[in-house]
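A quick write-up on the structure given underneath.
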Amino acid sequence: GKQIQRQLAGSKKRLTLELGGKGANIIFEDAPIDQAVKGIIDGIYFNQGHVCCAGSRLLVQEGVADEVIQKLRHRIATLRVGDPLDKNTDIGAINSKQQLEKIRRLVDIGEAEGADKYQPECDLPDDGFWFPPTFFTNVTQSHRIAQEEIFGPVLSVTTFRTPEEAIERANNTEYGLASGIWSDKGSKLFSISQALKNGVIWGNTYNKFDPASPFGGYKESGFGREGGVHGLLPYLDIPSESWQPQSSRTNGSPSTKPASSTSTEASPEPKADDT
780 GKQIQRQLAG
790 SKKRLTLELG
800 GKGANIIFED
810 APIDQAVKGI
820 IDGIYFNQGH
830 VCCAGSRLLV
840 QEGVADEVIQ
850 KLRHRIATLR
860 VGDPLDKNTD
870 IGAINSKQQL
880 EKIRRLVDIG
890 EAEGADKYQP
900 ECDLPDDGFW
910 FPPTFFTNVT
920 QSHRIAQEEI
930 FGPVLSVTTF
940 RTPEEAIERA
950 NNTEYGLASG
960 IWSDKGSKLF
970 SISQALKNGV
980 IWGNTYNKFD
990 PASPFGGYKE
1000 SGFGREGGVH
1010 GLLPYLDIPS
1020 ESWQPQSSRT
1030 NGSPSTKPAS
1040 STSTEASPEP
1050 KADDT
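Heads up, the sequence shown is in our numbering, so the first residue is 780 and it goes up one at a time.
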């Protein structure tokens, strides 16, 4: 993105950049847990994690952490890795050998830094670039898997105690594209969303889009917006037009009429001597 900016410098060309993210899903103790777990699974493992706004971080409140992790283990054990053209497939192929090597490298770094890895037993096809659904627990904010965009089916899980701690951890990244909040309390959804530094925030759902809504991020996630009117405005030249109303007098009193106004009074009949 920065290279593109440098190349376009001085060209007057318009630019919108969407540069990825490190989305955080926040599960509070009062959240609908089963609904939240489904949203977490869909948010990170959809399209094998090749999604700019993937929910690759999970922040779960301590009181429900064990329950959520247990349900995650059970759910990802049912995911099927295979041919993306097969309607029964949940996770398809990684898009390139280079990307697969990056995913493997960051997963190895996560283990080396002390996080606990979980991968279900999974039959991977012999040919192609494949990686099983994975998540890490005991992840700290300093771990690279919690900071870098992996762009693969890998989830990092951390816990928090208070809403303030959740906000601080969710915002503690160079990215600012998307996040999700899970709670039964509407007031909590609204208050937390106001504090998150993300361009897109979902409440009790994830990866749901309205074509009329703007999409884009903050910080290293880029600038500008896609979608709706907001996605068109940066590429429009909008003119500004103004005019001065006409002044006229009626019965000795000044009045104003717009320059484009027309009179509806009938014209007087011409006199004989006028012709």
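A virtual CB, placed ideally from N, CA and C, is assigned to each residue, including glycine.
Any non-hydrogen atom of the ligand COA closer than 6 Å to residue i Cβ
{"i": "Q786", "result": "No copy of the ligand COA occurs in the structure displayed, which carries no ligand at all."}
Bridge partner(s) assigned by DSSP for residue i
{"i": "G959", "result": "N804 and W981"}
{"i": "G1001", "result": "E797"}
{"i": "L838", "result": "I805 and T937"}
{"i": "F930", "result": "According to DSSP, which records beta bridges pairwise, F930 is partnered with nothing at all."}
{"i": "I870", "result": "V860"}
{"i": "F988", "result": "None, per the DSSP bridge assignment."}
{"i": "F994", "result": "E1005"}
Identity of the residue in the options nearest residue i by Cα
{"i": "K967", "options": "N986, F988, T941 and R948", "result": "T941"}
{"i": "C832", "options": "Y1014, G959, R859 and D1016", "result": "G959"}
{"i": "E892", "options": "P911, N917, G1006 and P899", "result": "N917"}
{"i": "N951", "options": "H922, L934, D963 and S970", "result": "H922"}
{"i": "K781", "options": "L796, K791, S790 and K792", "result": "L796"}
{"i": "P863", "options": "L975, F908, Q926 and E841", "result": "F908"}
{"i": "V839", "options": "H853, V816, R852 and D821", "result": "V816"}
{"i": "R836", "options": "L879, S875 and F930", "result": "F930"}
{"i": "I820", "options": "N986, G1007, S992 and A991", "result": "N986"}
{"i": "F910", "options": "Q877, N867 and D895", "result": "Q877"}
{"i": "F807", "options": "G1010, W1022 and G965", "result": "G965"}
{"i": "F988", "options": "G1006, A925 and E944", "result": "G1006"}
Residue i, buried or exposed, once every other Cβ within 10 Å from all chains shown has been counted against 16
{"i": "K801", "result": "buried"}
{"i": "A788", "result": "exposed"}
{"i": "P932", "result": "buried"}
{"i": "T938", "result": "buried"}
{"i": "S1046", "result": "Reliability fails at S1046, whose pLDDT of 44 lies under 50, so the model's placement of it is uncertain and the value that follows must be treated cautiously. Result: exposed."}
{"i": "K1050", "result": "In this predicted model, K1050 has a pLDDT of only 47, less than 50, meaning its place in the structure is not dependable; the value taken from the coordinates is given anyway. With fewer than 16 other Cβ atoms within 10 Å, it is exposed."}
{"i": "G913", "result": "Sequence inspection shows Thr at residue 913; the Gly mentioned does not correspond to that position. By the neighbour-count rule (16 or more Cβ atoms within 10 Å), T913 is buried."}
{"i": "S935", "result": "buried"}
{"i": "F994", "result": "buried"}
{"i": "N867", "result": "exposed"}
{"i": "A991", "result": "exposed"}
{"i": "R884", "result": "exposed"}
{"i": "G842", "result": "exposed"}
{"i": "A894", "result": "buried"}
{"i": "S1026", "result": "exposed"}
{"i": "A949", "result": "buried"}
{"i": "V1059", "result": "Here the chain has residues from 780 to 1054 only, and residue 1059 is not among them."}
Please determine if the region 840-849 and the region 806-817 are in contact, where contact requires at least 3 C-beta pairs separated by less than 8 Å.
Three or more Cβ pairs drawn from the region 840-849 and the region 806-817 lie within less than 8 Å of each other, which places the two stretches in contact.
Quiz item: So, do the region 951-968 and the region 992-1010 have three or more beta carbon pairs nearer to each other than 8 Å?
Solution: With a cut-off of 8 Å on Cβ pairs, the region 951-968 is in contact with the region 992-1010, counting three or more such pairs.
*Report yes or no: do three or more beta-carbon pairs, one from the region 822-830 and one from the region 867-875, lie closer than 8 Å?*
The region 822-830 and the region 867-875 touch, with no fewer than 3 CB-CB distances between them shorter than 8 Å.
As an exercise, report each continuous beta strand (DSSP E) stretch of at least 3 residues that is fully enclosed by the region 875-918, in chain order. Look at the region 875-918 and you find these whole runs of beta strand (DSSP E), each 3 residues long or longer: 895-897 and 913-916.
Margin query: So, does the region 851-871 touch the region 893-905, judging by three or more C-beta pairs under 8 Å?
Written below: Enough Cβ pairs lie closer than 8 Å, so yes.
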